[in-house]
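**Q** The structure is given below, and queries will be raised subsequently.
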């Protein structure tokens with residue numbers, strides 16, 4: 012059993028809450044822009060510390076006037092936007108607990124969360140969300156108030172709270188302690204019904220107390236800023252939101268990925284955060300565009316030079332010839348990629364799944380260091396993270412200060428630290444299963460810890476496949492490599508109880524037309540699932556993935572299907588993780604066909 016701990020650098024105080032950051036900012040730097048919101052003409056309108064405090068206070072008074080009591084749960088159902096952050100802090104000022112719900116959630120999912128959390132109010136975004144709430148409201152007996160952001164929820168709450176005094180608000184706000192629940196986040200539910208993770212103000216205070224200092228290259232530089240586009244219902248985006256407010260890092264929001272490049276261009280963030288699939292799509296889109304413009308060979312050469320340059324700088328100085336090539340491609344290729352991120356971005360934060368060595372080196376080679384980290388909803392986001400001064404591509408970094416990691420005898424990673432959840436909401440059985448009596452949290456992930464404390468994730472404990480020959484196979488290793496191919500959208504590796512490992516592959520609908528035109532094919536995927544050239548292209552992706560494993564673990568057969576696996580279709584979680592149980596159920600015939608004689 013291997014164990015590694017990082018000394019603590021922060022102790023959660025006995026009093027205070029996350030709302031203190033807003034009050035302190037207004038007192039110490041009232042004119043500093045802590046947020047920017049979209050203007051009517053496509054520009055960004057700054058919101059100062061003093062203005063944000065005023066808006067948060069006014070909305071919080073409205074919540075109190077509406078009958079929201081201390082400790083009550085208030086649900087928030089919306090895309091990522093300025094009002095999400097405003098309302099989140101207003102709920103905390105009112106002494107209540109935020110219950111985020113993914114804006115793509117079905118009526119049934121909304122009903123479960125509202126019922127289980129006993130939410131007394133919900134603030135939704137638009138008419139579509141209101142319609143879903145109306146379907147299930149009769150069964151949500153605790154729900155007293157429903158407001159819509161697009162139907163002037165903020166203004167209505169402000170007007171409602173005019174009779175609440177500053178003293179009444181401060182009494183409610185200051186009564187909150189680090190032990191009180193800040194949020195109740197329901198797990199994405201890759202299997203079973205979502206469980207509510209109770210995360211306290213103290214959990215967030217511990218996490219940000221070390222993260223903001225550890226990532227000073229992000230949160231301390233002059234002109235620091237970031238643009239959030241991941242869903243704030245996910246703990247990954249949420250921790251960045253709170254970190255930005257705490258450190259006075261200018262924060263913007265954009266709800267529509269379709270406009271992301273344009274928004275990045277006008278906002279010009281100094282760092283961004285995303286899940287690995289976003290970084291894969293950025294690379295693949297650039298690659299496909301280069302091919303379409305007849306510059307595919309140049310892009311491929313630039314890619315290899317970026318990777319080689321990154322690897323060379325890990326061990327010392329890049330050779331003169333490599334450095335010269337890198338300088339040339341910086342002008343021809345890399346500059347355009349950096350411009351797509353807004354032009355000022357030098358760091359990115361990645362979480363949710365392994366990024367992979369190749370992409371990690373590629374991005375660092377073009378000038379954007381991707382800091383991979385690892386954490387769960389239950390651990391208030393990050394447990395480990397790569398830091399600019401302690402960085403190892405292919406790992407998720409070392410444990411944050413005050414955090415310990417242990418590798419159990421079966422390879423599962425266990426963690427202990429102040430960011431680990433208090434409990435699962437009204438579910439003592441699940442809490443007892445997840446946490447040992449002495450505080451170790453079972454992550455459910457398999458991994459390794461090297462001599463320097465760097466952690467590497469190797470798979471999910473529950474997703475290990477055991478072939479008929481008794482070989483244990485972690486599908487994540489193969490799936491991550493497969494998805495890195497420009498034509499692959501999603502994939503699932505199968506073979507539990509079977510004589511060999513197989514895979515089901517879906518094709519990226521954005522990449523397919525360019526490939527089809529270059530190869531003189533129809534761009535209709537239904538016509539191409541058995542096409543020899545497409546199968547040859549996917550075979551090359553399989554061959555590359557197989558390099559990461561032994562022969563007994565390698566993919567022997569695969570099938571291409573015309574379907575797309577999406578969040579809307581129910582095959583992906585909102586954080587773009589594959590729901591293996593759903594895919595295996597819906598595509599059982601395709602799996603059986605792989606092993607038919």
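Numbering (my numbering), first residue to last: 12 to 608. The C-beta atom is built at its ideal place from N, Cα and C for all residues, glycine as well.
#1: Would you call the segment 376 to 387 and the segment 498 to 512 touching, i.e. three or more CB-CB distances under 8 Å?
#2: Measuring alpha carbon to alpha carbon, tell me which of 420, 59, 25 and 241 ends up nearest residue 38.
#3: Around the Cβ of residue 430, are there at least 16 other Cβ atoms within 10 angstroms (buried) or fewer (exposed)?
#4: List the DSSP bridge partners of residue 435.
#5: Is residue 236 closer than 8 Å to residue 261 when the C-beta atoms are compared?
#6: What would DSSP say about residue 120, mapped onto helix, strand or coil?
#7: For residue 76, which residues from the same chain have a beta carbon less than 7 Å from its beta carbon, with the 5 sequence-adjacent residues on both sides left out?
#8: Check whether the segment 422 to 436 touches the segment 444 to 456, counting contact only when three or more Cβ pairs, one atom from each stretch, lie closer than 8 Å.
#9: Rank 596, 413 and 479 by C-alpha distance to the C-alpha of residue 21 and give the top, closest one.
#10: State the DSSP-derived secondary structure class of residue 502, mapped to helix, strand or coil.
#11: For residue 376, which residues of its own chain have a beta-carbon under 6 Å away from its beta-carbon, when the five flanking residues on both sides are left out?
#12: DSSP three-state label for residue 383, please.
#13: Around the Cβ of residue 446, are there at least 16 other Cβ atoms within 10 angstroms (buried) or fewer (exposed)?
#14: Return the CA-CA distance between residue 604 and residue 598, expressed in angstroms with no decimal places.
#15: With DSSP run on the structure shown, which of helix, strand or coil describes residue 427?
#16: Could you give the DSSP three-state label for residue 30: helix, strand or coil?
#17: Are there 16 or more other CB atoms within 10 angstroms of the CB of residue 600, so buried, or fewer, so exposed?
#18: Check whether the Cβ atoms of residue 216 and residue 242 lie closer than 8 Å to each other.
#19: Could you spell out where the beta strand (DSSP E) holding residue 55 opens and where it closes?
#20: Any idea what DSSP makes of residue 111, helix, strand or coil?
#21: Count the other CB atoms within 10 Å of the CB of residue 90; is the residue buried (16 or more) or exposed (fewer)?
#22: Over what stretch of residues does the beta strand (DSSP E) that includes residue 156 continue unbroken?
#23: Per DSSP, what are the beta-bridge partners of residue 263 in this structure?
#24: Since residue 104 is in the alpha helix (DSSP H), which residue starts that stretch and which ends it?
#25: So residue 524 is in the alpha helix (DSSP H); what residue range does that whole segment cover?
#26: Mind checking who residue 132 pairs with in its DSSP beta bridge?
#27: On the three-pair Cβ rule with 8 Å, is the segment 273 to 287 touching the segment 295 to 309?
#28: Do the CB positions of residue 418 and residue 408 come within less than 8 Å of each other?
#29: Output the boundary residues of the beta strand (DSSP E) element that contains residue 567.
#30: Which of helix, strand or coil does DSSP assign to residue 414?
#31: Which term fits residue 514, buried or exposed, when burial requires 16 or more other beta carbons within 10 angstroms of its beta carbon?
#32: By a C-beta neighbour count over all protein chains shown, 10 Å radius and 16 as the cutoff for buried, is residue 214 buried or exposed?
#33: For the segment 332 to 411, which segments carrying the beta strand (DSSP E) assignment without a break, of at least 3 residues, lie completely within its bounds, in sequence order?
#34: With burial defined as no fewer than 16 other Cβ atoms inside 10 Å of the residue's Cβ, what is the status of residue 17: buried or exposed?
#35: Mind checking who residue 517 pairs with in its DSSP beta bridge?
#36: How many angstroms separate the CA atom of residue 519 from the CA atom of residue 294?
**A** Well, looking at it:
#1: Taking a cut-off of 8 Å for Cβ pairs, the segment 376 to 387 and the segment 498 to 512 do not touch, as fewer than three such pairs fall below it.
#2: The residue you call residue 38 lines up with position 27 of the chain shown. The residue among 420, 59, 25 and 241 with its C-alpha nearest the C-alpha of residue 38 is 59.
#3: Locating residue 430 in the chain shown gives position 419, where the first residue counts as 1. Counting Cβ neighbours within 10 Å, residue 430 comes out buried, since at least 16 surround it.
#4: Taking the chain shown and counting its residues from 1, the one referred to as residue 435 is at position 424. Partner(s): 208.
#5: The count along the chain shown starts at 1 and reaches residue 261 at position 250. The count along the chain shown starts at 1 and reaches residue 236 at position 225. Against a cut-off of 8 Å, the Cβ pair of residue 236 and residue 261 comes out as a contact.
#6: Locating residue 120 in the chain shown gives position 109, counting from the first residue. Reduced to three states, the DSSP call for residue 120 is helix.
#7: Translated into the one-based positions of the chain shown, residue 76 becomes position 65. Cβ contact annotation for residue 76 (same chain, cutoff 7 Å, sequence separation greater than five): 171, 172, 174 and 175, in chain order.
#8: Taking one beta carbon from each stretch, the segment 422 to 436 and the segment 444 to 456 have 3 or more pairs nearer than 8 Å; the two touch.
#9: Within the chain shown, the letter at position 10 stands for residue 21. It is 413.
#10: The residue you call residue 502 lines up with position 491 of the chain shown. DSSP places residue 502 in strand when its eight states are reduced to three.
#11: Walking along the chain shown from the start, residue 376 turns up at place 365. Listed in chain order, the non-local C-beta contacts of residue 376 below 6 Å within the same chain comprise 317, 318, 320 and 321, local neighbours out to five positions each way being set aside.
#12: Here residue 383 refers to the residue found at position 372 when the chain shown is read from its first residue. Under the three-state reduction of DSSP, residue 383 is assigned to strand.
#13: What you label residue 446 is simply residue 435 of the chain shown in a count that begins at 1. Label assigned to residue 446: buried.
#14: Residue numbering aside, residue 604 sits at position 593 when the chain shown is read from its first letter. Residue numbering aside, residue 598 sits at position 587 when the chain shown is read from its first letter. Between the alpha carbons of residue 604 and residue 598 lies a distance of about 10 Å.
#15: On the chain shown, residue 427 is found 416 positions in, with the first residue counted as 1. Correct three-state label for residue 427: strand.
#16: Stepping through the chain shown from its first residue, residue 30 is reached at position 19. It is coil, neither helix nor strand.
#17: Counting from one through the chain shown, the residue named residue 600 turns up at place 589. Exposed.
#18: As a first step, residue 216 is located in the chain shown; it is residue number 205 there, counting from the start. As a first step, residue 242 is located in the chain shown; it is residue number 231 there, counting from the start. For residue 216 and residue 242, no; Cβs fall outside 8 Å.
#19: On the chain shown, position 44 is the one that residue 55 refers to. For residue 55, the enclosing beta strand (DSSP E) stretches over residues 55 to 59.
#20: Here residue 111 refers to the residue found at position 100 when the chain shown is read from its first residue. Here residue 111 sits in strand by DSSP.
#21: Numbered from its first residue, the chain shown carries residue 90 at position 79. Classification of residue 90: buried, given that the 10 Å Cβ count is 16 or more.
#22: Here residue 156 corresponds to residue number 145 of the chain shown, with the count starting at 1. From DSSP, the beta strand (DSSP E) with residue 156 extends over 156 to 159.
#23: The residue given as residue 263 occupies position 252 in the chain shown. Residue 263 pairs with 238.
#24: Your numbering for residue 104 matches position 93 in the chain shown. The continuous alpha helix (DSSP H) containing residue 104 extends over residues 93 to 104.
#25: To locate residue 524, count along the chain shown from 1; it is residue 513. That run of the alpha helix (DSSP H) goes 523 to 529.
#26: For the purposes of this step, residue 132 is identified with residue 121 of the chain shown, where counting begins at 1. In DSSP, residue 132 forms a bridge with 85 and 156.
#27: Touching, no.
#28: The residue you call residue 418 lines up with position 407 of the chain shown. The residue you call residue 408 lines up with position 397 of the chain shown. The answer is no: Cβ separation not under 8 Å.
#29: Looking up residue 567 in the chain shown gives position 556. Residues 566 to 572.
#30: Translated into the one-based positions of the chain shown, residue 414 becomes position 403. Three-state DSSP puts residue 414 in coil, outside helix and strand.
#31: Within the chain shown, the letter at position 503 stands for residue 514. So residue 514 ends up on the buried side.
#32: As a working note, residue 214 is residue 203 in the chain shown. Burial call: buried.
#33: Secondary structure remark: continuous beta strand (DSSP E) runs of at least 3 residues inside the segment 332 to 411, in chain order: 358 to 361, 380 to 387 and 392 to 396.
#34: Within the chain shown, residue 17 is the residue found at index 6, counting from 1. By the C-beta density criterion, residue 17 is buried, having at least 16 other C-beta atoms within 10 angstroms.
#35: As a working mapping, residue 517 is identified with position 506 in the chain shown. Answer is 501 and 572.
#36: Along the chain shown, read from residue 1 onward, the residue named residue 519 stands at position 508. Along the chain shown, read from residue 1 onward, the residue named residue 294 stands at position 283. Approximately 13 Å, taken between the alpha carbons.
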